[in-house]
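Protein chains in written order, with the numbering used here: chain B, 1 to 231; chain F, 1001 to 1122; chain L, 2001 to 2145; chain A, 3001 to 3597.
For every residue, glycine included, the Cβ atom is placed at its ideal position computed from N, Cα and C.
Computed from a predicted model, the values in this text were never measured in an experiment.
I have placed the structure first, in the form of structure tokens, so that the comments after it can refer back to it.
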Amino acid sequence: MLVYLRIFRYNPEAGRNKPTFDTYNIQADPDDRVLDLLEHVKSYVDGSLSYRRSCAHGVCGSDAMRINGQNALACKVLVKDVGREITVEPLLGLPVLKDMIVDMEPFFASYRKVMPFMVNDDIPEDGRERLQSPEERARFDDTTKCILCAACTTSCPSFWADDEYVGPAAIVNAHRFIFDSRDHAGDERLNILNDREGAFGCRTAFNCTSACPREIHVTRAIAEVKQAIVA
Amino acid sequence: MTQKVQKTYESVAWKWMRYSGILLIPLAWIHVLIQDVIVGVHAIDIDYVALRWANIGWQAYDFFLLAFTFAHGMNGLRQVLFDFVHGERARKAWSVALFIFWLLVSIIGTIALVKGARPELA
Amino acid sequence: MAAPSNPIRTTAEGYIGYRGREGHYAFLLHRLTGLGTLLFLIIHILDTSTVYFFPSLYEHAIDIYRSTPFMLGEIALVFSVIYHGVNGLRIAAVDLWMEKRWTIKAQQMGVRGTLAISILLWLPAAALMLKSMLEHNFGIVLFGG
Amino acid sequence: MTQHHQHEVVIVGAGGAGLMAALYASKGADTAVISKLYPTRSHTGAAQGGIGAALGNLEDDHVDWHTFDTVKGSDYLGDQDAIAFMCEQAPQVVYELEHMGLPFSRTKEGRIAQRRFGGHTNNDTHQPVTRACYAADRTGHMILQTLYQQCIKNKVHFYDEFHVLDLLVNDGVANGVVAVALATGELHVFHAKSVVFATGGHGRVWEVTSNAYAYTGDGVAIALRKGIPAQDLEFFQFHPTGIRKMGILITEGVRGEGGVLINNEGERFMDRYAPTVKDLASRDVVSRSMYLEMRDGKGINGKRYLYLDMRPETVNKYAELDGRKTPDGKPYRVTAEQLLSKVPDIIDFARTYLHVDPMAEPMAVQPTAHYAMGGIPTNARGEVVIDAKNTVMPGFYAAGEVACVSVHGANRLGTNSLLDLVVFGKEAGLRATEYAQGADYKDLEADPTAYTREQVDRLLSNPREEKAALIAEEMKSEMFDNVGVYRTETGMQAAEKKIEELRARYLKVGVDDHGKLFNTDLLNAWELGCLLDVAQATAASAVARKESRGAHAREDFPTRDDETWMKHTLAWMREGAIQLDYKAVTKTKYEPMERVY
Ligand SMILES: Cc1cc2nc3c(=O)[nH]c(=O)nc-3n(C[C@H](O)[C@H](O)[C@H](O)COP(=O)(O)OP(=O)(O)OC[C@H]3O[C@@H](n4cnc5c(N)ncnc54)[C@H](O)[C@@H]3O)c2cc1C
Ligand code: HEM
Ligand code: SF4
Ligand code: F3S
Ligand code: FES
């Protein structure tokens, strides 16, 4: 089928310092990923088109972008899911550096803010694993799936307005530890998030959950964190 | 988990918005239902207001309505504003301004409510 | 190096251009109705206060409310209060007591349900108010008076 | 403009191996990690099934069994001392990962959950054993995340999105690397006391592959260009179950949970090829069996794919036929919910890419290029060795898929790669630090970026007579057809010739993008150069080995020949041509036997 592809272009170096769109008519298979279309353009039409990608099957988090106005991974959206007219744009709310490439530093800085690591130096005497029941493990399973793709954070109205808001991804990663029975720094993380720039910046707009390619219940995780704070 | 999580303005505000909101359902809806829908502006004049406030029950009702609705709404406005006003100092300034505005309007409303309408001067 | 960006522009682009699902629009509507109601409330507190401070002005104020544009606005206000209330109740209830229902399916149904309930509650109220407006402002009496 | 940095230990690659090295190195030395991808984008995150360790949490298991299985799986080409070391370390490192916070799935008793995987057996009963420690079907993701989290906690210094283009060597001692910063296009020289390569594999040489776009063999190619040999490149693993055409991996864990392969006659054919462990035979065996089925016209609709069936009723039917029992002795039965909780991501892949619900329909699969057993030769301390006498190159270390220790020999067992990453990543980190503590910075050569600039400038100044993408396409299909699951003399010779031709054409490749910001056009073209070098060395190593062993299966030499070929291949690139030499396999107590499953 013939696909009409509109791609956002921006490259200050090449004089394209105003965002514009390039359009291509591409012969595509309904099973093709949007990433395949971009690869086609880059390989055979215009090599200067830039975007990030690696795994090509939705597990590395490189290629989150706006596809027909909604955040998704280009490698997880098939042509047949979006139809003949496809528009791709960079994530909203992070500075655009070139074409689909945005500056991810603010995103990772927010991630680092919430102490995204296990705090617990007690090791069982026999040197083996700490025990954790399947139920305790299940408590935070959902939020361990995050691949830090930023699709959620950049779909959030609170983040668009205020990039100091840590964003859903950071809260998801805090949640992963707060509810891990082995961790000892839950309260510290709750205190970090106990603010407008933390969990209370969330207005339950739910875009994050709809955008998450890992189908994490993002809003639910945020609600659980809020509850833990006010409890 | 032993809780050592501090209360912050935002965490209290979060609870406040929810619980006050729930309370506002009867408060605001009954008010709107009676005044706007059933009675209607054409039937409302200063005598009507005077009559209503002569009843201590309605006076109290309107006082709670004023207190809860306006505080809820002003905090809501603060939340929206803070989306767009960044930086500690600017936010502080806005908070103070909003607070003063809230206090002023609340006082005006309360005085009117307590002292009652003066149809004889109309 | 980066494309010039400012949060207001980004937000405007996002509010309007982001193809969000139900939640996106529920959020926008909640915000809009909340702010709208607040604006009305402020004016309303002040004009009502004239009954004590400047009783002679009150009748003028009420007259303005009786004009057709204001009466239409009032009908919108009633929708705002209803929608904001129902939706606020949804948010409060899920946030406080049933956070497990923050799932795509439940949320979708919740938002649609909220809108449906709001409209159902609003329609009779709107009809009554419209009727009153037609009677008083245009002298049209429906249903034989 | 070139920027200079100095760090005692420089680690290239931020996957499982690189981060593990970084964690240990940073405890004793000033350490920097350079990665062309953000660390969490590394391919380790794609690993699904599990990490092998004889914890015996569910049933009896022993380090010795793990060692023997690995030796046998390697078709006796693995170095037995290194294998013994890895399997011995396995329980320790798995516990260590748990202590770092890795969220393993759990048993009822709260211990780390384990599942079956191909080639892992109870050495007494020869039945499959639960040895793969897992976190649902995202074990690699959890390892990568956990290690990255710990690196953040320990404030490891990262250079993200820096693409390394050259290794600096002075006087036979490694003393740094040259990298280009993607965001600015500037060259950066990293002066180091020791350098660790952990750049992953090169599966993008083949057409149908489970491997990431970033898997372009940079590490091996850079080493080859520096006169360092590559070891055992002819051994490249084809995983039996990749999603048809796309190559996206369906973990062996699916068969571990009871899934079976089915041909167009609806027959479960693996019991003909591996009567004891059937669908859980080691990967080379299963991939070859599939190939033979498809050659006999038993592919689905006569095409080149088969079905992987994990519907609960199918699983239960064959579990009953096989008499499979749970560890507590009850007959093994599953429900859709249980399968869903054990391999959720696989089910998501099938739904997204095949539009198939694996609980209701079988999945279309074909063998997919998956894992490089070969790579930069190292010893069990992670030190790079550069000749048949195992001479160590001072200051240079390698770990992970880029390295060839060799613990996988001719065929890797599932779950042994993640194990390899953490065991030898840690080892390389420790040794690199130890070395750095006792060494001075070796002077850099006068113009350290000269070689890099030459490569980059050529690509930038060439007119676009040749397109990188076209050359890549031809290379991939040639290698997939002729240096794939089954190989013949004529096919491999043709491939060798073809790659040589492509390498000549590559010299004329130009790029569209001549800018500095995120010039991925340029870097993709540079990566193709690496792929071609690796492909060439692979084809040459493969033609020369006149036997069948592990992943190297020849139709003209169908059997293993221990007499002549029980040795590692070393391939050098000299003046663009490949030269081969061989080195002995280390044998301790396991005598080569015929491999039956
Ligand atoms: C789909 C899939 C499933 C798998 N499942 C399993 C499993 O269940 N069990 C198992 O044991 N193994 C499994 N494997 C194999 C295993 O995951 C890999 O072999 C292993 O993760 C490789 O890790 P690594 O640290 O060597 O490299 P990677 O994790 O790939 O990291 C490579 C790093 O090097 C960097 N890099 C590369 N080139 C350069 C350069 N030129 N300059 C700078 N940086 C560079 C990259 O940015 C990246 O950070 C699987 C593999 C795949 C593809
Ligand atoms: C009728 C019952 C009401 C309920 C149940 C209710 C509920 C809520 C809730 C729960 C919020 C918080 C939303 C969030 O944090 O995401 C909120 C916000 C808000 N409310 Fe109400 N409310 C009600 C009435 C009102 C009234 C009468 C006003 C006007 C004065 C008002 C103005 C606002 C404003 C301005 C916001 C902020 C909106 C935003 O942040 O986007 N509300 N309301
Ligand atoms: S929560 Fe989901 S959308 Fe957000 S970063 Fe993680 S994986 Fe991406
Ligand atoms: S989109 Fe934003 S407002 Fe909350 S529910 Fe998600 S973080
Ligand atoms: S390329 Fe890895 S998530 Fe899309």
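Per DSSP, Thr3335/A has no beta-bridge partner at all. For Gly3374/A, DSSP records no beta bridge to any residue. Ranked by Cα distance from Pro3358/A, the options His3370/A, Pro3367/A and Tyr3307/A are led by Tyr3307/A. In this structure, Pro3128/A lies near Gly3256/A, with their beta-carbon atoms less than 9 angstroms apart.
Put simply, the residues with a CB less than 7 angstroms from any heavy atom of ligand 3 are Gly61/B, Ala64/B, Lys145/B, Cys146/B, Ile147/B, Leu148/B, Cys149/B, Ala150/B, Ala151/B, Cys152/B, Thr153/B, Pro168/B, Ala169/B, Val172/B, Cys208/B, Ala211/B, Cys212/B, Pro213/B, Arg214/B, Ile216/B and Val218/B, in chain order. Under the DSSP assignment, Thr3559/A falls outside any alpha helix (DSSP H); it carries neither an H nor an E label. Proximity of the beta carbon of Ser155/B to ligand 4 is indicated: a heavy atom of the ligand is located closer than 8 angstroms.
In this structure, the beta-carbon distance from Leu3168/A to His3191/A falls below 9 angstroms. DSSP places Asn2006/L in no alpha helix (DSSP H); its state is neither H nor E.
Interface with chain F (9 angstroms Cβ-Cβ cutoff): Asp122/B is excluded. The three-state reading of DSSP puts Ser133/B in coil, since its state is none of H, G, I, E or B. Taking 8 angstroms as the cut-off, one finds at least one heavy atom of ligand 5 near enough to the beta carbon of His57/B. For the C-beta of Lys3546/A, not a single chain B residue is nearer than 7 angstroms; the gap to the nearest is close to 36 angstroms. Ser3035/A: member of the beta strand (DSSP E) spanning Thr3031 to Ser3035, first to last residue. Contact with chain L is found for Gly1040/F, since one of that chain's Cβ atoms lies less than 9 angstroms from the residue's Cβ. Excluding the 5 residues flanking it on each side, Ile2082/L has same chain C-beta neighbours closer than 8 angstroms at Ser2118, Leu2121, Trp2122 and Ala2125, in chain order. Counting only Cβ-Cβ distances below 9 angstroms, Ile2104/L has contacts in chain B at Phe206, Thr209, Ser210, Glu215 and His217, in chain order. Nearest to Ser3210/A by C-alpha distance, out of Ala3181/A, Met3246/A, Val3196/A and Ser3194/A, is Met3246/A. Fewer than three beta-carbon pairs drawn from the segment 214-226 of chain B and the segment 77-85 of chain B are found closer than 8 angstroms, and the two stretches are therefore not classed as touching.
Chain L places a beta carbon closer than 9 angstroms to that of Arg66/B, counting this residue as a contact. 9 angstroms or more divides the Cβ of Ala3535/A from the Cβ of Met3492/A. The beta strand (DSSP E) runs lying completely inside the segment 3159-3186 of chain A and spanning 3 residues or more are 3162-3170 and 3173-3181, given in chain order. Tyr2015/L reaches chain B at Pro157, counting residues in chain order whose Cβ is nearer than 7 angstroms. For Gln3437/A and Gly3101/A, the gap between their C-alpha atoms comes out near 30 angstroms. Taking a Cβ-Cβ threshold of 7 angstroms, the residues of chain F close to Phe200/B are Glu1010, Ser1011 and Trp1014, in chain order. By the criterion of a C-beta distance shorter than 8 angstroms, Glu3059/A is surrounded in its chain by Asn3122, Val3129, Thr3130 and Pro3327, once the five residues flanking it on both sides are discounted.
Across the set Asp3443/A, Thr3139/A and Lys3516/A, the C-alpha of Lys3516/A shows the shortest separation from the C-alpha of Gly15/B.
Between the beta-carbon of Ile3243/A and that of Tyr3332/A there is about 26 angstroms, and that puts the pair past the 8 angstroms contact cut.
Taking the Cβ atoms as the reference, Leu94/B lies roughly 7 angstroms from Met104/B, within the contact range of under 8 angstroms.
Gly1073, Met1074, Gly1076, Leu1077, Val1080, Asp1083, Phe1084 and His1086: these are the residues of the segment 1071-1098 of chain F whose beta carbon lies less than 8 angstroms from some beta carbon of chain L, given in chain order. In this structure Trp2097/L is exposed. Its beta-carbon is surrounded by fewer than 16 other beta-carbon atoms within 10 angstroms. In this structure Leu3570/A does not touch Lys3589/A by the C-beta definition: roughly 25 angstroms separates them, more than the 8 angstroms allowed.
Not a single C-beta of chain L is nearer than 9 angstroms to the C-beta of Gly1057/F. A contact between stretches requires three or more CB pairs, one per stretch, nearer than 8 angstroms, and the segment 40-57 of chain B meets this requirement with the segment 3507-3521 of chain A. Neighbours of Arg3106/A in chain B, taken as residues whose beta carbon is under 7 angstroms from its own, are Gln132, Ser133, Pro134 and Arg137 in chain order. Around the C-beta of Lys145/B, 16 or more other C-beta atoms lie within 10 Å, and the residue is accordingly described as buried.
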